[in-house]
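K.L.:
The structure under discussion is supplied below as structure tokens; questions concerning it will follow.
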Amino acid sequence: MTLLKTDGLVKKFGGLVATDDVNLSVEENERVSIIGPNGAGKSTLVNLITRRLDPTEGDIQFKGESIVGRDPHEVVQMGISKSFQTASIFSELTVRENAEIAALAAENGSFGFKFLQHRESLTGVHDRATDTLDAVGLLGQADRTAADLPYGDKRRLEIGIALAAEPDLLLMDEPTAGMSPEETESTVDLIEEVKRELGLTFVLIEHDMEIVFRISDRIVVLNRGQIIAEGTPDEIRGDDEVQEAYLGGVDL
Ligand SMILES: Nc1ncnc2c1ncn2[C@@H]1O[C@H](COP(=O)(O)OP(=O)(O)OP(=O)(O)O)[C@@H](O)[C@H]1O
Ligand SMILES: [Mg+2]
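Shown next as structure tokens:
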């Protein structure tokens, strides 16, 4: 089944065409990486999908339904979640509270705090938060204040927050940016674990080609807002144009 499909998607910022007639499909259970030089339009594409930005032209369908015009929280409820929004962590709360809020938001669609009147559903939220923290290896740190976590663990908590919403599609924009080599390694291991154990569909934006080749089923190459190539890691490795433009001189 096609989970996500963009149709002639265009985003202009004034005279700049950041997304230029993009037709992207993501199948259920597929892991797609988007690569391309700085300013290619990778983040813009993701922000269009999460409804942080309105397209200038074109359509975005999720599970066969157009999501253009919907609110960002509606899209989350439909099953699209984005990790690595630094704003997604409440630093003054504990790790567990962060996971619980994410689980609640997935149920209620917003932080309505209605849950205080619905105690029976709290058990579900507690269990879901426990499972999530276990999945990202943070159960042992559940009672720590989020602000006190080392950087790499904060990023793992962000993945946890995205996963607690039980998304059908997880979007990740440069998850390893700013991480030490050790933190990068453990985050990539975590993404592989999520891929293996949860069978989750994801779209990853990543500059590190080693990670991209290791994690993706399919790679989409963006340049100046356009898709200039797509294929399996082997196809992209063997694509002369991509090689020349990106994998040769430019450090992706
Ligand atoms: N809100 C905005 N207003 C105006 N121009 C923008 C805005 N967001 C992005 N752009 C421009 O759109 C183009 C694409 O930017 P985008 O952030 O999508 O690129 P990217 O591929 O994610 O780059 P990077 O690898 O550096 O993260 C760039 O030229 C950028 O300057
Ligand atoms: Mg970007």
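Sequential numbering from 669 applies to the sequence shown in our numbering. Cβ atoms here follow ideal geometry from the backbone N, Cα and C, with glycine treated the same way.
Identify which residue in Val-804, Val-736, Ala-810 and Glu-742 has its Cα closest to the Cα of Thr-762.
P.N.:
Reading the sequence shown from its first residue, position 94 is the one you call residue 762. Taking only the C-alpha atoms, the option nearest Thr-762 is Ala-810.
K.L.:
DSSP on Asn-715, reduced to helix/strand/coil?
P.N.:
Position 47 of the sequence shown, counted from the first residue, corresponds to residue 715. If DSSP states are grouped into helix, strand and coil, Asn-715 belongs with the helices.
K.L.:
On a Cα-Cα basis, can you pick out the residue from Ile-703, Leu-677 and His-741 that is closest to Leu-716?
P.N.:
Along the sequence shown, one-based indexing puts residue 716 at 48. When each option's Cα is compared against that of Leu-716, the closest is Leu-677.
K.L.:
Helix, strand or coil for Lys-673 per DSSP?
P.N.:
For the purposes of this step, residue 673 is taken as the residue at position 5 of the sequence shown. DSSP places Lys-673 in strand when its eight states are reduced to three.
K.L.:
Give the straight-line distance between the Cα atoms of Ser-670 and Val-862, rounded to the nearest whole angstrom.
P.N.:
What you label residue 670 is simply residue 2 of the sequence shown in a count that begins at 1. What you label residue 862 is simply residue 194 of the sequence shown in a count that begins at 1. Inspection of the sequence shows that residue 670 is occupied by Thr rather than by Ser. Thr-670 and Val-862: Cα-Cα distance of roughly 20 Å.
K.L.:
Which residues end up in the neighbourhood of ligand 1 when you take C-beta atoms closer than 6 Å to any of its heavy atoms?
P.N.:
Here the list is Phe-681, Leu-684, Ala-686, Gly-704, Asn-706, Gly-707, Ala-708, Gly-709, Lys-710, Ser-711 and Thr-712.
K.L.:
Quick one: Cα of Ala-803 to Cα of Pro-835, how far?
P.N.:
Within the sequence shown, the letter at position 135 stands for residue 803. Within the sequence shown, the letter at position 167 stands for residue 835. Cα to Cα, the separation comes out at about 14 Å.
K.L.:
In this structure, how does DSSP classify Glu-733 when only helix, strand and coil are distinguished?
P.N.:
Against the sequence shown, residue 733 aligns to sequence position 65. Glu-733 falls in the strand class under three-state DSSP.
K.L.:
For Leu-872, collect the residues of the same chain with a Cβ closer than 6 Å to its Cβ; drop the 5 residues on either side in sequence, then sort them by chain order.
P.N.:
Translated into positions along the sequence shown, residue 872 becomes position 204. Same-chain partners within the cutoff: Ser-701 and Met-840.
K.L.:
On the criterion of 16 or more Cβ atoms from any shown chain inside 10 Å, does Gly-732 qualify as buried, or is it exposed?
P.N.:
Within the sequence shown, the letter at position 64 stands for residue 732. When all chains shown are included, Gly-732 counts as exposed.
K.L.:
Any chance the segment 904-911 sits against the segment 721-738, with 3 or more Cβ pairs inside 8 Å?
P.N.:
No, they do not touch.
K.L.:
Going straight from the alpha carbon of Ala-897 to that of Val-888, what length do you get?
P.N.:
As a working note, residue 897 is residue 229 in the sequence shown. As a working note, residue 888 is residue 220 in the sequence shown. When rounded, the distance between both Cα atoms is 6 Å.
K.L.:
In the DSSP assignment, what residue or residues form a beta bridge with Thr-837?
P.N.:
Counting from one through the sequence shown, the residue named residue 837 turns up at place 169. In the sequence under discussion, the amino acid at residue 837 is Leu, which differs from the Thr named in the question. Looking at the DSSP assignment, Leu-837 forms a beta bridge with Ile-748 and Thr-869.
K.L.:
Three-state secondary structure (DSSP) at Ile-757?
P.N.:
For this step, residue 757 is matched to residue 89 along the sequence shown. Looking at Ile-757 - three-state DSSP - the assignment turns out to be coil, as it is neither helix nor strand.
K.L.:
With DSSP as the reference, label Arg-882 as helix, strand or coil.
P.N.:
For the purposes of this step, residue 882 is taken as the residue at position 214 of the sequence shown. Arg-882 falls in the helix class under three-state DSSP.
K.L.:
Taking the straight line between their C-alpha atoms, what separation do you get for Asn-691 and Thr-712?
P.N.:
Reading the sequence shown from its first residue, position 23 is the one you call residue 691. Reading the sequence shown from its first residue, position 44 is the one you call residue 712. Each residue's alpha carbon lies about 14 Å from the other.
K.L.:
Using CA atoms only, rank isn't needed, just tell me which of Thr-855, Ala-833, Thr-800 and Ala-767 is closest to Thr-813.
P.N.:
Here residue 813 refers to the residue found at position 145 of the sequence shown. The residue with the shortest Cα to Cα distance from Thr-813 is Ala-767.
K.L.:
Looking at the structure shown, is Ser-693 part of a helix, part of a strand, or coil, going by DSSP?
P.N.:
Working through the sequence shown from its first residue, we reach residue 693 at position 25. If DSSP states are grouped into helix, strand and coil, Ser-693 belongs with the strands.
K.L.:
Around the C-beta of Ala-845, are 16 or more other C-beta atoms found within 10 angstroms, so that it is buried, or is it exposed?
P.N.:
Locating residue 845 in the sequence shown gives position 177, where the first residue counts as 1. Ala-845 comes out exposed.
K.L.:
Take Lys-673 and list the residues in its own chain whose beta-carbon comes closer than 6 Å to its own, dropping the five residues that flank it on each side.
P.N.:
As a working mapping, residue 673 is identified with position 5 in the sequence shown. The answer, listed in chain order, is Ser-693 and Gln-729.
K.L.:
Helix, strand or coil, according to DSSP, for Gly-682 in the structure here?
P.N.:
Working through the sequence shown from its first residue, we reach residue 682 at position 14. Here Gly-682 sits in coil by DSSP.
K.L.:
Which residues in the same chain have their Cβ closer than 6 Å to the Cβ of Thr-852, if we skip the five residues on either side of it in sequence?
P.N.:
In the sequence shown, residue 852 corresponds to position 184, counting from 1. Contacts found: Thr-844.
K.L.:
Out of Gly-893, Val-714, Ala-708 and His-794, point me to the one whose CA is closest to Leu-838's CA.
P.N.:
Here residue 838 is taken as the residue at index 170 of the sequence shown, counted from 1. Answer by Cα proximity: Val-714.
K.L.:
So is Thr-900 buried or exposed if we call it buried at 16+ other beta carbons inside 10 Å?
P.N.:
As a position in the sequence shown, residue 900 is number 232, starting the count at 1. Exposed is the call here.
K.L.:
For Leu-696 and Thr-869, I'd like the C-alpha separation in whole angstroms.
P.N.:
Within the sequence shown, residue 696 is the residue found at index 28, counting from 1. Within the sequence shown, residue 869 is the residue found at index 201, counting from 1. The sequence shown places Glu at residue 696, rather than the Leu named in the question. Whole-angstrom Cα-Cα distance: 6 Å.
K.L.:
Short check: CB of Gly-726 to CB of Asp-688, under 7 Å?
P.N.:
Residue mapping note: residue 726 aligns to position 58 of the sequence shown, counting from 1. Residue mapping note: residue 688 aligns to position 20 of the sequence shown, counting from 1. The answer is no: Cβ separation not under 7 Å.
K.L.:
Tell me whether Asp-816 sits in a helix, a strand or coil according to DSSP, three-state version.
P.N.:
Here residue 816 is taken as the residue at index 148 of the sequence shown, counted from 1. In the structure shown, Asp-816 sits in a helix (DSSP, three-state: H, G or I).
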